[in-house]
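Note that the numbering used here has the sequence shown beginning at 4, numbered continuously upward.
One structure below.
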Amino acid sequence: MAKDFDSQVLKRTGWESKPTKQALELLYMQGDLMITERRSFHKVYDLTENVLPDGIDTTIPSQDEYGRFLVLNYLTAHGIGSLTEMTYLLKGTKPLVQQALNELLELNKIEEFKVGSQQWFAVSDATQLLNSKLSRQKAHILSPFDNVLIQRKRISQLFDYHYQLECYVPANKRKYGYFCLPIVWDGQLIARADCRVDKPTKTLHVTHLYIEKTLKNDSAFEEDLAKELASFAKFNQCAGFKILKRSSVS
């Protein structure tokens, strides 16, 4: 653990890690160390050869193999993806990934399609799901940090849903609310709710419910939303919920 190494170097800022911790993290990122467990939130490191099971292929992949891995790993995890998304924070990899995309297209391992003017890719097996209507009418209130939302530009391109966590925005510049939560229903990001707990009455107040213009079936959505809000109220130790205001997003 980092705390096992004595360091006499003083940190320059409150956010800065000690040199020993930085060294451990660097060795971990290089593959020289692995994490075996956590003890009271502290990472326990050991040499990779002591942790990695025998029989694991540790051969360094070729550039072509690495490019194909980046593409297929991303598409398997996310369903669909663009060149920009697959190379996010991977400096200098766009030519490599583009080459892998071209090769995988020729091999019919992946397929290409467009949403609007944007070029997207998916593994061939997934296109059957893309063309199938799935039954998923249950409403879900999402965390602002949900993996579905973490790439704001992606959500805007695919769903025409523009989301920003506004708790860091000055109150007079907020559009929707301090901690407005996205709501997904029937495969679409269909609404958002700014919620607060009224502690004296133990009631979840939906101070403002915003409905997207893409909503087509109001009555079915309202029924499913009521169930989800009741569940969300219970999660927040409230006896019930109350919608104080609602409006449509223009």
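The C-beta atom is built at its ideal place from N, Cα and C for all residues, glycine as well.
Check	Outcome
Who are the Cβ neighbours of residue 34 in its own chain at under 8 Å, not counting the five residues just before and after it?	51
Inspect the beta-carbon positions of residue 49 and residue 36 and report whether they are closer than 8 Å.	yes
Ignore the nearest five residues each way along the sequence and tell me which others in residue 127's own chain have a CB closer than 8 Å to its CB.	111, 112, 113 and 114
What's the call for residue 228, buried or exposed, on a 16-neighbour Cβ count within 10 Å?	buried
Take the Cβ of residue 62 as the centre, count every other Cβ of all protein chains shown within 10 Å, and call the residue buried at 16 or more, exposed below.	exposed
Just tell me which of 163, 180 and 164 has its CA closest to the CA of residue 170.	180
For the beta strand (DSSP E) holding residue 126, just list the boundary residues, first then last.	121 to 126
What separation, rounded to the nearest whole angstrom, lies between the Cα atoms of residue 198 and residue 55?	46 Å
What are the boundary residues of the beta strand (DSSP E) that residue 160 is part of?	That residue, residue 160, is in no beta strand (DSSP E); its alpha helix (DSSP H) goes 155 to 162.
Find out if the Cβ-Cβ distance for the pair residue 109, residue 157 is shorter than 8 Å.	no
By how many angstroms is the C-alpha of residue 59 removed from the C-alpha of residue 103?	24 Å
Am I right that residue 100 and residue 73 are in contact with their C-beta atoms under 8 Å? What's the rounded C-beta distance?	6 Å
Can the beta-carbon of residue 118 be found less than 8 Å from the beta-carbon of residue 168?	no
Would you mind listing the beta strand (DSSP E) stretches within the segment 37 to 125 that are 3+ residues and don't spill past its ends, in chain order?	45 to 50 and 113 to 118
Taking the straight line between their C-alpha atoms, what separation do you get for residue 78 and residue 148?	20 Å
Alpha carbon to alpha carbon, what distance is there between residue 146 and residue 2?	The chain is shown from 4 up to 253; residue 2 falls before or after that span and cannot be answered.
Can you give the Cα-Cα distance for residue 247 and residue 41, rounded to whole angstroms?	44 Å
Spatial neighbours of residue 177 within its chain, please: CB distance less than 6 Å, with the 5 preceding and 5 following residues excluded, ordered by chain position.	169
Would you give the residue range spanned by the beta strand (DSSP E) that residue 194 belongs to?	191 to 201
For residue 121, which option in 154, 84 and 153 has the closest C-alpha, if you only look at C-alpha atoms?	84
What residue ranges within the segment 218 to 248 form continuous beta strand (DSSP E) runs of no fewer than 3 residues, ordered along the chain?	243 to 246
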